[in-house]
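Residue numbers for the sequence shown follow our numbering, beginning at 158 and rising by one.
Don't be surprised by glycine CBs; every beta carbon is placed ideally from N, CA and C.
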Amino acid sequence: MKYRPVDLSGVSTYPLAERKNKVSIKNDFAGPVSAGMSVADLMGSLPRQLGGEALIGVADAVADARAKGKPVILAMGAHVIKCGLQPVLKTLIEAGAITAVALNGAGSIHDYELSLIGETSEDVGAVLHCGTFGMAEETGRDINRALKEGIARGMGYGESVGRFIIDNGNPFREWSLLATCVERDIPVTVHVALGTDIIHQHPAADGAVIGEATFRDFRLLTSVVADLGDGGVYLNVGSAVLLPEVFLKALSIAQNLGHHVDHFSTANFDMQQHYRPLQNVVKRPTSGKGRGYTVTGHHEIMLPLLAAAILDRLN
158 MKYRPVDLSG
168 VSTYPLAERK
178 NKVSIKNDFA
188 GPVSAGMSVA
198 DLMGSLPRQL
208 GGEALIGVAD
218 AVADARAKGK
228 PVILAMGAHV
238 IKCGLQPVLK
248 TLIEAGAITA
258 VALNGAGSIH
268 DYELSLIGET
278 SEDVGAVLHC
288 GTFGMAEETG
298 RDINRALKEG
308 IARGMGYGES
318 VGRFIIDNGN
328 PFREWSLLAT
338 CVERDIPVTV
348 HVALGTDIIH
358 QHPAADGAVI
368 GEATFRDFRL
378 LTSVVADLGD
388 GGVYLNVGSA
398 VLLPEVFLKA
408 LSIAQNLGHH
418 VDHFSTANFD
428 MQQHYRPLQN
438 VVKRPTSGKG
448 RGYTVTGHHE
458 IMLPLLAAAI
468 LDRLN
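In structure tokens:
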């Protein structure tokens, strides 16, 4: 069968004025940008769509949560620590914007090394094949010791290491996020899988101690998650697998125990959006009566912007 070009003369149309549009100059366009403008003015000039709308939405949600006395949980991967963002995060904690912090094991390791020597992050590729990767004596020795001592005193993983940093007088302890949380008496939890962290390679490692410490923290985080309903905020920054899974289980336990956690906000910040954070943080937990946001970009750029916007709103 031979086909001929279709005749368009019979196509029906309608006036453009009758069409519903998703973008308008009045409501969605960026505002003017000028030299010397404040952060508040810059945030106000962002387009009210896509990433700009999400960043503004998260800042508003955090400010609203604190006005209601609801928790704001910051869960983050180790890369956030390596980006040198502790001063930014510490400011948010001291301002009362962040009320609980959750880390993975690598995050606590980088935080500890920074508190001890002011440096962290070895060149893995350069030392892997000679068998010295992760074998730094002080890191494994001190953190494993901190966990053993902390467990005996009734503490979990995060509090144990943070308290050890303070009590040991680590030279750069003012840069430690763990120590800051302990000093401010806010929950700080560390969630690990055995075999994933360099301190598990150390002769002093004790699987029973590590497991008990992180299990206590899982139960502590669950207690905070149970209070998220009616206005709280959960932020997942740079953790693609472990912390989104921990959050989902903590939320399930909270619901099972009768804490009907709904009407809260979540957000995932990362350089690219992965399956688990999108499902376990942004979509599934807020599928009832909540709001989930995604913000894609480098942590060292997005978090300072978010922090500045939050502080403006709190003030």
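Which of the three DSSP states is assigned to residue i in this structure?
i, result
"S422", "strand"
"V168", "coil"
"D427", "strand"
"N261", "strand"
"M459", "helix"
"A309", "helix"
"T346", "strand"
"L231", "strand"
"M158", "coil"
"T296", "helix"
"F321", "helix"
"I255", "coil"
"N472", "coil"
"F290", "coil"
"K239", "helix"
"H357", "helix"
"L249", "helix"
"H416", "coil"
"V163", "coil"
"M200", "helix"
"L351", "coil"
"V219", "helix"
"N301", "helix"
"A466", "helix"
Hey, quick one: how far does the beta strand (DSSP E) through residue i stretch, first residue to last?
i, result
"G388", "Element bounds for G388: n/a, residue is neither H nor E."
"T451", "448-453"
If the criterion is Cβ atoms closer than 8 Å, does the pair residue i and residue j meet it?
i, j, result
"L392", "L242", "no"
"L490", "I367", "Summary: the structure shown does not reach residue 490, with the chain confined to residues 158 through 472, and so no result is reported for it."
"T451", "L462", "no"
"E295", "L273", "yes"
"G445", "S422", "no"
"A187", "L203", "yes"
"G297", "A370", "no"
"L245", "V390", "Going by the sequence as given, residue 245 is Val instead of Leu. It is not a contact, given that the beta carbons lie outside the stated cut-off."
"H267", "S278", "yes"
"N184", "R205", "yes"
Quick check on this structure: which residue in the options has the alpha carbon closest to the alpha carbon of residue i?
i, options, result
"R360", "R302, V345, T353", "The question names Arg, but residue 360 in the sequence shown is Pro. Closest by alpha carbon: R302."
"I300", "A309, G319, L285, C287", "G319"
"A263", "L471, E316, M233", "M233"
"N437", "A397, I322, Q206, K183", "A397"
"V381", "S278, V258, G449", "V258"
"D217", "G449, G288, I458", "G449"
"G226", "L246, K247, Q206, T256", "T256"
"L399", "V180, D384, H431, P162", "H431"
"Q412", "E402, L385, D221", "L385"
"E276", "A283, N261, C240", "C240"
Give me the Cβ distance between residue i and residue j, rounded to the nearest whole Å; I'm assuming they're in contact under 8 Å.
i, j, result
"V418", "V237", "Contact doesn't hold; Cβ gap of about 25 Å is too wide."
"M200", "I213", "6 Å"
"H416", "D374", "No, H416 and D374 are not in contact; Cβ-Cβ is about 18 Å, not under 8 Å."
"I410", "I343", "21 Å between Cβ atoms; not a contact."
"V101", "A254", "This structure gives no information on residue 101, because the portion of the chain shown stretches from 158 to 472."
"A323", "V339", "Ala is not the amino acid found at residue 323; the sequence shown has Ile there. Right, their Cβ atoms sit about 6 Å apart."
"A465", "V196", "4 Å"
Going by DSSP, what residue range makes up the alpha helix (DSSP H) through residue i?
i, result
"S278", "Here S278 belongs to no alpha helix (DSSP H), and DSSP marks it neither H nor E."
"P204", "Neither: P204 is in no alpha helix (DSSP H) and is coded neither H nor E."
"N413", "399-413"
"L173", "Here L173 belongs to no alpha helix (DSSP H), and DSSP marks it neither H nor E."
"S380", "364-382"
"A139", "The structure shown does not extend to residue 139, since the chain is modelled only from 158 to 472, so the question has no answer here."
"K157", "Outside the displayed range of the chain (158 to 472) lies residue 157, so it cannot be described from this structure."
"N184", "182-185"
For residue i, verify whether its CB is less than 7 Å away from any heavy atom of the ligand MG.
i, result
"G226", "As far as ligands go, the structure on display features none, and thus does not contain the ligand MG."
Would a check of beta-carbon distances place residue i closer than 8 Å to chain D?
i, result
"A263", "Although the question refers to chain D, the structure presented lacks it and comprises just one protein chain."
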